[in-house]
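The next block holds one structure in the form of structure tokens; read it before the comments.
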Amino acid sequence: MTEDAMRSDVEAGMTGLAVRLRGVTKTYDSGVAALGPLDLDIRRGEFVSLLGPSGCGKSTALRLIAGLAPPTSGTVRLARQAAESRGGHAIGFVFQEPTLMPWADVAANVRLPLTLANVPADEADRRVMAALAQVGLAEFARSYPRELSGGMKMRVSLARALVTDPDILLMDEPFAALDEITRFRLNNDLLALWRNLRKTVIFVTHSVFESVYLSQRVIVMSARPGRIAAEFRIDAPEPRGEEFRTSADYVGYCRTVSAALAPAYEGQRA
Ligand code: ADP
Ligand code: MG
10 MTEDAMRSDV EAGMTGLAVR LRGVTKTYDS GVAALGPLDL DIRRGEFVSL
60 LGPSGCGKST ALRLIAGLAP PTSGTVRLAR QAAESRGGHA IGFVFQEPTL
110 MPWADVAANV RLPLTLANVP ADEADRRVMA ALAQVGLAEF ARSYPRELSG
160 GMKMRVSLAR ALVTDPDILL MDEPFAALDE ITRFRLNNDL LALWRNLRKT
210 VIFVTHSVFE SVYLSQRVIV MSARPGRIAA EFRIDAPEPR GEEFRTSADY
260 VGYCRTVSAA LAPAYEGQRA
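Count the sequence shown with the numbering used here and you get residues 10 to 279, in order.
Right under this line is the structure:
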């Protein structure tokens, strides 16, 4: 990080933090109060899940953090990022749908953010190949989305988010549509990436099991408008793997988190 960036973080009271939300609310033009008020600090390098029922405002929270929509009130502050001084983006976003361009091959899909940022061709080539290697798709640069499985498409989407080397990765139910075994593999690969790259990850899911498996901290949200109902630190040793997934500790965490989540489903029909 540059000295300037460090100074501005100190001035903003952001030392050690990646994201700070204060009194954040979002009411859509339709009048729907989707979120908040929300106060939330996320540490640099932390892996945090936002867990809550469908419609509680999780995607809204991510969009506000990404700056894709303004809050109705309150402040969203990101640490001034090291990525900016590298010419990168502060944020990488992985959506629930892989949203790939069907007419473009895998490399061209991953390259899109670099093309938009006018990164020189040879550097872009290098970064695209590095990102594909990170997600285990180096061999598939010339394949087309239609030739890929759902899990592989999601890997392409992840590579596209990583190619700008963002400090913060926002992931909106990225694995919800995948079968369980594929999801487990992507969970493990994501954890390995997180350990290697040390990005801040904010991961949205409605799965208790997934949130506990992946996160250092699980934020349980209330029904709409989404507020923080509870939060849990998941103090399992790293690296996590099948041993953790089948452990008594894991089951215990899942039970506790489920109990905190249950009220958010009250009044909803199954
Ligand atoms: P989640 O991701 O937890 O399912 P969302 O953040 O997508 O929840 O939505 C929260 C609430 O806001 C829902 O009631 C949804 O219908 C509403 N909502 C989301 N986006 C918009 C929008 N662009 N305009 C109006 N209402 C919206
Ligand atoms: Mg959503």
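C-beta: ideal position from N, C-alpha, C; glycine also.
Per-residue DSSP class, three states only, for residue i
i	result
residue 44	strand
residue 69	helix
residue 86	strand
residue 58	strand
residue 250	coil
residue 50	strand
residue 275	coil
residue 15	For residue 15, the pLDDT reaches just 49, beneath the cut-off of 50, and the residue's location in the model is therefore unreliable, leaving the point undetermined.
residue 30	strand
residue 185	coil
Cβ distance (whole Å) where residue i is taken to contact residue j below 8 Å
i	j	result
residue 154	residue 125	Contact flag wrong, Cβ pair sits at about 19 Å.
residue 123	residue 163	20 Å between Cβ atoms; not a contact.
residue 217	residue 60	7 Å
residue 64	residue 233	6 Å
residue 76	residue 171	Wrong, their Cβ atoms sit about 19 Å apart, outside the cutoff.
residue 71	residue 51	Not quite, the Cβ-Cβ distance comes to about 12 Å (not below 8 Å), so this is no contact.
residue 48	residue 32	7 Å
Where residue i falls, given that 16 or more other Cβ within 10 Å makes a residue buried
i	result
residue 148	exposed
residue 256	exposed
residue 277	exposed
residue 264	exposed
residue 37	exposed
residue 205	exposed
residue 188	exposed
residue 132	exposed
residue 209	buried
residue 24	exposed
residue 261	exposed
residue 203	buried
residue 120	buried
residue 151	exposed
Minimum Cβ-Cβ distance from residue i to chain D less than 9 Å
i	result
residue 260	Included in the structure is just one protein chain, with no chain D present.
Would you list, in sequence order, the uninterrupted alpha helix (DSSP H) runs of no fewer than 4 residues that lie entirely inside the stretch 100-182?
115-125, 130-143 and 159-171
Check your reading: residues with Cβ closer than 6 Å to ligand 1 heavy atoms:
Here the list is 37, 39, 41, 43, 61, 63, 64, 65, 66, 67, 68, 69 and 233.
Length at least 4, wholly inside the stretch 197-232: the alpha helix (DSSP H) runs in chain order:
List check, alpha helix (DSSP H) in window: 217-223.
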